[in-house]
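Respectively, the protein sequence lines represent chains R and U. Number 226 in this note's numbering belongs to position 217 of the first sequence; there are no gaps in the numbering. Number 160 in this note's numbering belongs to position 151 of the second sequence; there are no gaps in the numbering. Just so it is clear, CB atoms sit at the ideal spot from N, CA and C, and this is done for glycine as well. As the structure is a computational prediction, the values presented were derived from the model and not from experiment.
There are 2 protein chains.
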Amino acid sequence: MTQPTAAMLVIGDEILSGRTRDSNMYHLAGRLTERGINLCEVRVVSDDAEAITGAVKALSGAYDHVFTSGGIGPTHDDITADCIAAAFGVHIDVRDDARALLQAHYDRQGTEFNAARQRMARIPDGATLIENPVSVAPGFTMENVHVMAGVPAVFQAMVESILPTLTGGAPLISRTRRIDRGEGDIAGPLGELAQAYPALSIGSYPFQKDGRYGANIVLRGTDAALLDEAMAKLDAAFPA
Amino acid sequence: MTQPTAAMLVIGDEILSGRTRDSNMYHLAGRLTERGINLCEVRVVSDDAEAITGAVKALSGAYDHVFTSGGIGPTHDDITADCIAAAFGVHIDVRDDARALLQAHYDRQGTEFNAARQRMARIPDGATLIENPVSVAPGFTMENVHVMAGVPAVFQAMVESILPTLTGGAPLISRTRRIDRGEGDIAGPLGELAQAYPALSIGSYPFQKDGRYGANIVLRGTDAALLDEAMAKLDAAFPA
Numbered sequence: 010m011t012q013p014t015a016a017m018l019v020i021g022d023e024i025l026s027g028r029t030r031d032s033n034m035y036h037l038a039g040r041l042t043e044r045g046i047n048l049c050e051v052r053v054v055s056d057d058a059e060a061i062t063g064a065v066k067a068l069s070g071a072y073d074h075v076f077t078s079g080g081i082g083p084t085h086d087d088i089t090a091d092c093i094a095a096a097f098g099v100h101i102d103v104r105d106d107a108r109a110l111l112q113a114h115y116d117r118q119g120t121e122f123n124a125a126r127q128r129m130a131r132i133p134d135g136a137t138l139i140e141n142p143v144s145v146a147p148g149f150t151m152e153n154v155h156v157m158a159g160v161p162a163v164f165q166a167m168v169e170s171i172l173p174t175l176t177g178g179a180p181l182i183s184r185t186r187r188i189d190r191g192e193g194d195i196a197g198p199l200g201e202l203a204q205a206y207p208a209l210s211i212g213s214y215p216f217q218k219d220g221r222y223g224a225n226i227v228l229r230g231t232d233a234a235l236l237d238e239a240m241a242k243l244d245a246a247f248p249a
Numbered sequence: 010m011t012q013p014t015a016a017m018l019v020i021g022d023e024i025l026s027g028r029t030r031d032s033n034m035y036h037l038a039g040r041l042t043e044r045g046i047n048l049c050e051v052r053v054v055s056d057d058a059e060a061i062t063g064a065v066k067a068l069s070g071a072y073d074h075v076f077t078s079g080g081i082g083p084t085h086d087d088i089t090a091d092c093i094a095a096a097f098g099v100h101i102d103v104r105d106d107a108r109a110l111l112q113a114h115y116d117r118q119g120t121e122f123n124a125a126r127q128r129m130a131r132i133p134d135g136a137t138l139i140e141n142p143v144s145v146a147p148g149f150t151m152e153n154v155h156v157m158a159g160v161p162a163v164f165q166a167m168v169e170s171i172l173p174t175l176t177g178g179a180p181l182i183s184r185t186r187r188i189d190r191g192e193g194d195i196a197g198p199l200g201e202l203a204q205a206y207p208a209l210s211i212g213s214y215p216f217q218k219d220g221r222y223g224a225n226i227v228l229r230g231t232d233a234a235l236l237d238e239a240m241a242k243l244d245a246a247f248p249a
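In structure tokens:
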């Protein structure tokens with residue numbers, strides 16, 4: 010059950026102020042699970058150089074992959090690329106390959122490739138570009154950190170550009186069973202099941218609906234036969 | 010513009026696996042902004058003792074307040090209370106005041122107050138209970154860490170129990186202006202505006218709609234007159 014580990018870093022004041030409800034975390038979490046990559050931690054920080062640089066250092070040292078979202082546009086609050094360069098101690102400037110991509114794009118559109126737009130071609134030395142089929146301005150991979158845009162359509166497209174290049178582990182399979190009883194009634198037998206199947210991750214997610222209590226029990230693992238066996242025991246303990 | 014600082018810690022495999030889309034972060038972010046408390050960082054970690062304890066220590070040392078969500082129910086994967094006790098080096102056991110609340114609740118319902126349900130009365134020494142008007146089982150405040158349930162209805166009720174007891178700063182006011190031009194056209198004048206008004210936080214949040222580009226420009230600060238002045242300059246630079 011060895012899977013590569015990953016963390017996500019969401020960069021943006023708009024999430025922390027409650028202005029925007031994050032959707033990139035939810036999207037990435039689902040795609041990584043399908044790919045067999047274990048998302049272990051997410052951090053959300055503001056558009057602050059020290060906060061971004063500190064989080065990049067901590068996460069890139071602790072996990073196999075780090076995925077960032079946000080802060081790579083042309084405006085003054087887009088400082089992610091510079092923070093990545095600072096975190097890895099490398100030089101950053103407008104790079105020829107990124108500039109050429111953007112120049113061709115704006116030439117086709119008849120739009121001026123002004124100083125602000127050239128900021129989007131600032132790429133740290135040693136990074137590899139991530140293709141952006143939506144709006145051209147590329148993301149990049151610096152060592153184990155994949156730097157992507159915050160706009161959901163662009164973020165999602167960049168995720169699809171990068172995912173096929175990463176080695177995943179065995180995909181995690183999950184089985185869900187809804188039990189319409191309070192968690193306090195479920196907890197005893199469920200705890201015994203969790204002890205009997207240490208290779209599975211067993212979670213209980215309680216809900217309340219129309220004044221009644223229940224829980225979705227989720228069994229996760231990479232071995233389908235083992236999951237079926239454990240699920241049969243759960244069914245026996247809580248007949249429908 | 011001094012506001013208390015805060016962090017949130019979301020505890021739960023279901024967010025990291027992409028099974029559940031978080032809503033507690035979005036809710037808390039909005040309520041803290043209204044209250045004049047500056048949410049600076051969010052972390053999401055799995056139901057893992059080391060990850061939870063480490064994050065609690067880091068965040069409670071760095072911010073005025075920490076709000077946690079998840080992991081305080083009766084099942085085997087509910088380990089938050091024990092992790093908080095470990096993080097602060099205090100004893101934890103079933104506490105009389107919490108047990109009495111729950112005992113009365115289950116007596117009224119005619120439900121057995123079994124061993125699993127008694128787990129929800131485990132409260133670290135020195136903590137203060139947080140009222141739960143939805144389902145009784147309390148949260149608690151341990152030093153500067155406010156420990157709440159993950160079920161959104163319960164989380165939201167606990168937030169309303171705790172917020173009035175916290176001292177907020179001047180509420181952050183925000184003004185938003187939508188500009189239907191690419192960020193590359195907006196960036197130059199916007200950067201000058203940001204330099205001219207260092208007391209304001211000025212963000213640009215790009216969007217793409219029906220194949221056209223635009224951005225919502227958000228000005229945030231505690232001084233309404235200053236915000237109006239800056240917004241007038243933005244309007245002058247980008248007439249509707």
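Q.
DSSP three-state label for Val-54(R), please.
A. Numbered from its first residue, the first sequence carries residue 54(R) at position 45. DSSP places Val-54(R) in strand when its eight states are reduced to three.
Q: Measure the C-alpha to C-alpha separation of Pro-142(U) and Ile-88(U) and round it to an integer number of angstroms.
A: For the purposes of this step, residue 142(U) is taken as residue 133 along the second sequence, with counting starting at 1. For the purposes of this step, residue 88(U) is taken as residue 79 along the second sequence, with counting starting at 1. Those two C-alpha atoms are separated by around 22 angstroms.
Q.
If the cut-off is 9 angstroms on Cβ atoms, which residues from the segment 147-165 of chain R count as contacting chain U, listed in chain order?
A. Ala-158, Gly-159, Val-160, Ala-162 and Val-163
Q. In the structure shown, what three-state DSSP assignment does Gly-148(R) receive?
A. For the purposes of this step, residue 148(R) is identified with residue 139 of the first sequence, where counting begins at 1. Strand.
Q. Gly-230(R) and Pro-13(R): beta carbons closer than 9 angstroms?
A. Indexing the first sequence from 1 puts residue 230(R) at position 221. Indexing the first sequence from 1 puts residue 13(R) at position 4. No. Outside cutoff.
Q) If we call anything under 9 angstroms between Cβ atoms a contact, is Arg-186(R) one with Ile-132(R)? A) Here residue 186(R) corresponds to residue number 177 of the first sequence, with the count starting at 1. Here residue 132(R) corresponds to residue number 123 of the first sequence, with the count starting at 1. Not closer than 9 angstroms, so no.
Q.
Across the segment 101-117 of chain R and the segment 65-78 of chain R, are there enough close Cβ pairs to call them in contact, namely three or more that are closer than 8 angstroms?
A. no
Q | Start and end residues, alpha helix (DSSP H) containing Ile-275(R) | A | Absent from the model: residue 275(R). The displayed extent of chain R is 10 to 249, so no value can be given.
Q. Just the Cα atoms here: how many angstroms apart are Ala-113(R) and Asp-106(R)?
A. As a working mapping, residue 113(R) is identified with position 104 in the first sequence. As a working mapping, residue 106(R) is identified with position 97 in the first sequence. Their Cα atoms are separated by approximately 11 angstroms.
Q. Mind pulling the chain R residues with CB within less than 8 angstroms of Glu-140(U)?
A. Taking the second sequence and counting its residues from 1, one reaches residue 140(U) at position 131. Near Glu-140(U) there are no residues of chain R at all, since even the closest Cβ is about 17 angstroms away, more than 8 angstroms.
**Q.** Neighbour-count burial assignment, Gly-191(U), 16 or more Cβ in a 10 Å radius
**A.** Along the second sequence, one-based indexing puts residue 191(U) at 182. Looking at its Cβ environment, which holds 16 or more other Cβ atoms inside 10 Å, Gly-191(U) is buried.
Q) When the Cβ atoms of the segment 161-177 of chain R are set against those of the segment 190-204 of chain R, are three or more pairs found closer than 8 angstroms? A) no
Q: Pick helix, strand or coil for Asn-33(R), following the three-state DSSP scheme.
A: Within the first sequence, residue 33(R) is the residue found at index 24, counting from 1. Helix at Asn-33(R).
**Q.** Within-9 angstroms CB hit, Thr-176(R) to chain U
**A.** On the first sequence, residue 176(R) is found 167 positions in, with the first residue counted as 1. It does not: the Cβ of Thr-176(R) has no partner Cβ on chain U nearer than 9 angstroms.
Q. Bridge partners of Met-157(U), per DSSP?
A. Taking the first residue of the second sequence as position 1, residue 157(U) is located at position 148. Paired residues: Ser-78(U).
Q.
Within 10 Å of its beta-carbon, does Ala-249(U) have 16 or more other beta-carbons around it, so buried, or fewer, so exposed?
A. Walking along the second sequence from the start, residue 249(U) turns up at place 240. Per the 10 Å Cβ criterion, exposed.
(Q) Between the alpha carbons of Phe-247(U) and Tyr-222(U), how many angstroms are there, rounded? (A) In the second sequence, residue 247(U) corresponds to position 238, counting from 1. In the second sequence, residue 222(U) corresponds to position 213, counting from 1. Cα to Cα, the separation comes out at about 15 angstroms.
Q | Phe-216(R) - containing beta strand (DSSP E), residue span | A | Working through the first sequence from its first residue, we reach residue 216(R) at position 207. Run containing Phe-216(R): 210-218, per the beta strand (DSSP E) assignment.
Q. Per DSSP, Arg-229(U) forms a beta bridge with which residues?
A. As a first step, residue 229(U) is located in the second sequence; it is residue number 220 there, counting from the start. In the DSSP output, where bridge partners are listed per residue, Arg-229(U) has Ser-183(U) and Ser-210(U).
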